[in-house]
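To start, the structure itself, in structure tokens.
Number of protein chains: 2
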Amino acid sequence: MKTDILIVGGGPAGILAGQTAKKVDPELRITMVKDEPDIIIRCSEPYVINGEVKLRDIIHSDDEMIGSKGIIVLIDRITGIDYEKKTAMTRNKREISFNKVILATGAKPFIPNILGKELKNVFTLRNTKDTRNLKIISDKAKNAVIIGGGAIGIAVGSLLRKKGLNASIIDVSPHLLAGAYDAEFSQRIEFLLKKKGIKIFTRKRVNAIKGEGEVEEVLIENKKIPADFVVISAGVRANTELAEKIGCKIGRFGIEIDKYCRTSLKDVYACGDCTQSLSFITKKPVPSQLATTAVLEGKIAGANATGKREEFPRIINPSVTVLFDSAIGRTGLTEKQARDEGIEIIPGYGKSMNKYPSQREAEFIENKLIFEKEGKKLIGAQIFGGKEGIDERIDLLSLAIHQRVRIGDLCHFSHCAHPELSPPPFSEPIVMAAEDALNKI
Amino acid sequence: MKTDILIVGGGPAGILAGQTAKKVDPELRITMVKDEPDIIIRCSEPYVINGEVKLRDIIHSDDEMIGSKGIIVLIDRITGIDYEKKTAMTRNKREISFNKVILATGAKPFIPNILGKELKNVFTLRNTKDTRNLKIISDKAKNAVIIGGGAIGIAVGSLLRKKGLNASIIDVSPHLLAGAYDAEFSQRIEFLLKKKGIKIFTRKRVNAIKGEGEVEEVLIENKKIPADFVVISAGVRANTELAEKIGCKIGRFGIEIDKYCRTSLKDVYACGDCTQSLSFITKKPVPSQLATTAVLEGKIAGANATGKREEFPRIINPSVTVLFDSAIGRTGLTEKQARDEGIEIIPGYGKSMNKYPSQREAEFIENKLIFEKEGKKLIGAQIFGGKEGIDERIDLLSLAIHQRVRIGDLCHFSHCAHPELSPPPFSEPIVMAAEDALNKI
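So the sequences go chain by chain: A and B. Residues in the first sequence are numbered from 1 upward in steps of one, following our numbering. Residues in the second sequence are numbered from 1001 upward in steps of one, following our numbering.
As structure tokens, then:
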């Protein structure tokens, strides 16, 4: 068969690439090859495990999200691509000739080489089967151990704890969320999780997962942690095999792409978890396996594969995590990352409430803004507090980073105030943190 | 007595002016003259009337917010200023000589000339006495009539309705919130309020408030609306008398100030509700009697009165209103205002949910972005939906207006996503509205 654009992979990046290309030029024949039927909203899987959301509510049919947009969907797998002939071969012996190909091959969970990792009831979190099995086992289990204290690991840990299980989180780093947050914010999360009864083991390496056929305990140093099941949440690695076979340049974190989502080969684009992009701030390669990055890169790749020239604004990795009734968010560089890059910084702190203090549901909110000393521009932010108002403040600060906003701009920025929705006019935490930074110049 | 800086008025503008000046130069003698002791958080007054918040929780002592910062507070009133001698006279026969004076004289409610407006139980909403009396009367009354369908009027109307009263809102304009929102958004609010049982009378002029000594009914055209009490909420007017006496230039909306919060007279600054500033977008005079504007102008006036040269970023009037479980927010120009100014525009619409649709508490959110056609820059926005996520999106869009962000920047802006906090990555309403606008170019 012949197609104008071949999309390899049907995750958020692939879907948005297809939808965008079709929107730009409805005449184009676009074919998507994906492994499995249906689309699962992956960020919602922890809520299925915990029982707050039904699996059927987070699954959409291919037809609904792809087919109805005029994109041909093949449940199949690309086994090889003849780049010279611009032809792809599939497992089901299809031959697809194409003009442009968009690689959206995603990522797979990274599984550290732990003794006993192949035991029954050791899970990762990447597909519907994992979710189904984790739901079933956590319905009756007592003890859960999570290996990996990143955003997903601690979110799953806290949802399992909310469900009533004993949960332990193990991480080799000095702190949970290391890399994404500075230690002071990680400590706030550790304090919160401990208060909720979660056991935290940082700076600890797992020696082995033990059990007779199925998991019984996890060994760290001299400790045995009882475990009815284990979730390994140690990050993901880009799926680059196909790209490598074609001859695309592969970087440390994934397929190398430029700001137009082009790979090193003409007519080969890539987007989403399989790619390596550059940091907006340091201009160096940086991992960004977030659905939001995938969606944005998908749109750019899709548009540019039709002949447009849209630019990807580069990576600042905004993200937010919910833990019980609190949330924590971050964007840009941490103070530590900035210092490691040799960037001199000015940090500013603000502490306030997310509503007027007289409102019953008012909760605290505190943030840290990181400005680079030379140009006084915002390069990073971290916020912790009650659930409301974290997410959109991170979005605002992400826009501020992209717009190269300076300390003074944030000291004098026009915001609104309402007793039920925000702090009083004189205590917006972003302004307070900017003023704190200004005082340090 | 002698002072370096004299501040006339103790509202948000005056307080922040004093606090900021003292922070910049702790050695300065700063004296504030205010009419009444204590500070009331005025935006919270409707919640006191409705019973959700206690009056004592929204009153702060002068000492807590002003005195403890090293500012001298006099409960008194400035009756005149000898500008040549730089001396102020007070009602209590004090003579205060000063180097700089900051006018923060605030505003008073505008009361239209309605027959019967002096009857008992006709209120405005400006001081603690009004609040106390409205609390008492609404505890037992059945029928409330609000004259004026602006943000305060409809908020008070909906809180009284929530309290169980029959509420009617009357406005001369074709729509509620006219001026702040385009008709399509006003209509959404009218629909919501009607659904909640509030009677709305738009394009209606009040002929008279009737009653024997105290209010009994309000007459509009051929209709009589029963009323146990009436709240007149028809906007405010700047208090400019003192400024006028000194010789400051007075504009249509208040004391004229430049971007440094200087009046037309040397060493005389003004800030807050008593001033008239310029629109960031049109550069024309515009009213902005918001507490957030007062706080910002207060800081600028306070800093500049010490010799600094900070700039006020001009008015875009971001604001947000809560009505039952919904909220509505706006910033910049409306489509109508832009067209009236002769600005050609491109509107963009987005409709989404404020959480992942699989989350039980997910509520709809819809927004309209207004870009100017020539430079493709954002000049206004309106958002309506569930309470969460309106306020901070307005803040983000306000920053975007000040940063002169273009359509493409918002199409490709990096935001975060989380099932409990935001729409899925592919349906952020701001991005959807920007993409909609882009499609119209």
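Where is the CB? At the ideal position from N, CA and C, for every residue including glycine.
| Asked | Found |
| --- | --- |
| Start-to-end residues for the alpha helix (DSSP H) that takes in A:T498 | There is no way to answer for residue 498 of chain A, as the model of chain A reaches only from 1 to 441. |
| Own chain, CB closer than 8 Å to A:L391, minus 5 neighbours either side, in chain order | Strictly speaking, residue 391 of chain A in this sequence is Asp, with Leu absent from that position. Closer than 8 Å at Cβ, skipping near neighbours: V320, A327, G329. |
| Chain B within 9 Å of A:T293, Cβ atoms only | yes |
| A:N317, buried or exposed, once every other Cβ within 10 Å from all chains shown has been counted against 16 | buried |
| Which residues DSSP lists as bridging A:L159, in chain order | Partner(s): none; A:L159 has no beta bridge. |
| Among B:G1302, B:S1358, B:M1353, B:L1397, nearest to B:S1427 - alpha-carbon criterion | B:M1353 |
| Beta carbon proximity, B:V1268 to chain A, threshold 9 Å | no |
| B:K1085 versus B:R1094: straight-line alpha-carbon distance, rounded | 15 Å |
| Any 3 or more C-beta pairs closer than 8 Å across the region 411-419 of chain A and the region 1384-1403 of chain B | yes |
| Those residues which DSSP pairs with B:P1226 across a bridge | B:E1217 |
| Pick from B:S1044, B:T1079, B:D1063, B:T1090 that is closest to B:N1127, judged by C-alpha positions | B:S1044 |
| Helix, strand or coil at A:V172 [DSSP, three-state] | coil |
| At least 3 beta-carbon pairs within less than 8 Å: the region 110-119 of chain A vs the region 133-146 of chain A | no |
| Separation of B:D1063 from B:A1208, as counted between CA atoms | 44 Å |
| Alpha carbon of A:K210 to alpha carbon of A:A144, nearest angstrom | 14 Å |
| Supposed close pair A:G11, A:A104 - CB separation, criterion 8 Å | 6 Å |
| Cβ-based burial, A:K266 [other Cβ within 10 Å; buried from 16] | exposed |
| Span separating the alpha-carbon of A:P46 from that of A:P174 | 25 Å |
| Inside the region 402-431 of chain A only - alpha helix (DSSP H) runs reaching at least 4 residues | 407-411 |
| Beta carbon proximity, A:E363 to chain B, threshold 9 Å | no |
| N- and C-terminal bounds of the beta strand (DSSP E) containing A:P46 | That residue, A:P46, is in no beta strand (DSSP E); its alpha helix (DSSP H) goes 45-50. |
| Local Cβ density within 10 Å of A:G462, reported as buried at 16 or more and exposed below that | Chain A is shown from 1 up to 441; residue 462 of chain A falls before or after that span and cannot be answered. |
| Contact under 9 Å by Cβ, A:A437 with A:I343 | no |
| Interface flag, B:R1077 vs chain A, CB-CB below 9 Å | no |
| Whole runs of the beta strand (DSSP E) within the region 228-265 of chain A, excluding any shorter than 3 residues | 229-232, 236-238 |
| The region 267-281 of chain A touching the region 225-235 of chain A, judged by at least three CB pairs closer than 8 Å | no |
| Of the listed residues A:K142, A:D258, A:D273, nearest to A:F444 (C-alpha basis) | Since the displayed chain A opens at 1 and closes at 441, residue 444 of chain A lies outside it and no answer follows. |
| B:K1299 classed as buried or exposed, judged by whether at least 16 other C-beta atoms fall within 10 angstroms | buried |
| For A:G164, the first and last residue of its enclosing alpha helix (DSSP H) | Element bounds for A:G164: n/a, residue is neither H nor E. |
| B:I1136 - containing alpha helix (DSSP H), residue span | 1128-1140 |
| CB contact check: A:F312 to chain B, cutoff 9 Å | yes |
| Short-range partners of chain B found in the region 38-65 of chain A, where Cβ spacing is below 7 Å | I41, C43, S44, Y47, V53, D57, I58 |
| Range of the contiguous beta strand (DSSP E) that encloses B:N1143 | 1143-1147 |
| Every unbroken alpha helix (DSSP H) inside the region 17-93 of chain A [4 residues or more] | 45-50, 62-65 |
| Other residues of its chain near B:S1358: CB distance less than 8 Å, five sequence neighbours each side excluded | P1419 |
| Below-9 Å beta-carbon distance, B:Q1276 vs any chain A residue | no |
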